[in-house]
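Please read the structure below before turning to the comments.
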Amino acid sequence: MPPRPLKPELWLLFAPLLANAVAASTEEHPTVRVWKDTELVWVINRIVRDHRAELKTTFPAGAVVLEKLKKIKWLRELPLPENSTGRSIYLMDMEAARNEVVDVLEVLQAALPAGVISYFAALSFHELTSQMPGFYHIGRLANGHPPESDAPAEAGDRNPLGTVLFEYDGVMCYETKRYRGLTPGVQTRVIGPRTSYRITTLEQTLLDAILQPLRCGGEAVVFEAWGHAARRADFDRMAEHLRAIGRDSLIRRTGAMLEMLGAEVKDSSELGKLLATVKKRLSDTTDAVIPLLPGLGFARESEVWRVASP
51 MPPRPLKPEL WLLFAPLLAN AVAASTEEHP TVRVWKDTEL VWVINRIVRD HRAELKTTFP
111 AGAVVLEKLK KIKWLRELPL PENSTGRSIY LMDMEAARNE VVDVLEVLQA ALPAGVISYF
171 AALSFHELTS QMPGFYHIGR LANGHPPESD APAEAGDRNP LGTVLFEYDG VMCYETKRYR
231 GLTPGVQTRV IGPRTSYRIT TLEQTLLDAI LQPLRCGGEA VVFEAWGHAA RRADFDRMAE
291 HLRAIGRDSL IRRTGAMLEM LGAEVKDSSE LGKLLATVKK RLSDTTDAVI PLLPGLGFAR
351 ESEVWRVASP
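Sequential numbering from 51 applies to the sequence shown in the working numbering.
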């Protein structure tokens, strides 16, 4: 049975409802400028359901409306080589130039609206690295707090970088599993009226660089990022994140990193107090030496933190 046609009089009723629904970003859809096909169809069907009296029971399904939007050029499909998702992503912005290259972070956010932009992508966003990311990550949040391990990749990922989503603008994009217990520092950054990013805070991003150096671009990128920490990081917020994560080993690594870089942390600050507590405990125990960055071997040992560093 062929799909119902979209009658002109019903389109005139529907078009302003859709325009209103995509006028401003929401918690549910941080970007309403760029859409994954299934998400946009869901929004269309919700509009039809909520306005059934005006739009009649004969209004066609969301997939038919999507084709109409493509035909009248309200939607422009973005090129995604190596697309393993089976889904299309569209730009919905009548004011955009025809050759506009949409920011890869916005494309990632559209691909996983509930996801958190992380790792190398977050380092670049926060201007903690001078390197152009060779790949980008968005994390799918999962409940729980995984057992501690020195393995640098999250459990369950066969590829150490995560699951390939697609290539965009010459760069590979990955989805990875992120545990809420290890990711207390998530914020929403407003880019424009129709675009926001759900992304790790600067301080969470620095901690992630210690825990996941490979996904953050490697050893050199991690040390460069932490080199910016002394003048840019909010150490009280970092202390909050460390307490929420609750891993002694991460506090030790943070202390060793700051010590190695000669960063000054006031003893009276929240981070200073937290570091002092762990430092005192270490003075009374013989904890095994751990590497500064999981999965990487270093020769020099910090007697204070029991951490091997460059």
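For glycine and all other residues, C-beta sits at the position ideal for the given N, C-alpha and C.
Keep in mind it's a predicted model, so treat the numbers as computed, not measured.
Terminal residues of the beta strand (DSSP E) in which residue i lies
{"i": "V214", "result": "T213 to Y218"}
{"i": "G189", "result": "F185 to A192"}
{"i": "V166", "result": "V166 to S168"}
DSSP bridge partner residues for residue i (one or two, in chain order)
{"i": "E351", "result": "A358"}
{"i": "V141", "result": "According to the sequence shown, residue 141 is Leu rather than Val. DSSP, once it has assigned bridges, lists V84 and R126 as partnering L141."}
{"i": "M222", "result": "F185 and E217"}
Assumed close pair residue i, residue j - CB separation to whole angstroms, cut-off 8 Å
{"i": "T245", "j": "S359", "result": "Not a contact, Cβ separation roughly 39 Å."}
{"i": "F170", "j": "F185", "result": "6 Å"}
{"i": "L311", "j": "A280", "result": "7 Å"}
{"i": "T226", "j": "G212", "result": "3 Å"}
{"i": "P163", "j": "E78", "result": "7 Å"}
{"i": "Y247", "j": "R239", "result": "5 Å"}
{"i": "L325", "j": "A283", "result": "Incorrect: roughly 14 Å between the Cβ atoms, too far for contact."}
{"i": "A172", "j": "I249", "result": "6 Å"}
{"i": "G322", "j": "V315", "result": "5 Å"}
{"i": "Y140", "j": "L62", "result": "No, Y140 and L62 are not in contact; Cβ-Cβ is about 22 Å, not under 8 Å."}
Extent of the continuous alpha helix (DSSP H) to which residue i belongs
{"i": "D286", "result": "F285 to I295"}
{"i": "F64", "result": "P58 to A71"}
{"i": "A161", "result": "V154 to A161"}
{"i": "V339", "result": "Where V339 is concerned, there is no enclosing alpha helix (DSSP H), given that its DSSP letter is neither H nor E."}
{"i": "A279", "result": "A279 to R282"}
{"i": "V114", "result": "G112 to K121"}
Cβ-based burial, residue i [other Cβ within 10 Å; buried from 16]
{"i": "E351", "result": "exposed"}
{"i": "I260", "result": "buried"}
{"i": "Q262", "result": "buried"}
{"i": "R83", "result": "buried"}
{"i": "I122", "result": "exposed"}
{"i": "S299", "result": "buried"}
{"i": "S180", "result": "exposed"}
{"i": "E59", "result": "exposed"}
{"i": "M307", "result": "buried"}
{"i": "G206", "result": "In this prediction, G206 has a pLDDT of 48, which is less than 50 and means its spatial position is unreliable; what the coordinates show is noted afterwards. Classification of G206: exposed, given that the 10 Å Cβ count is below 16."}
{"i": "D258", "result": "buried"}
{"i": "E353", "result": "exposed"}
Worksheet item: Which full runs of the alpha helix (DSSP H) of 4+ residues lie inside the segment 224-276, going along the chain?
Response: 252-261
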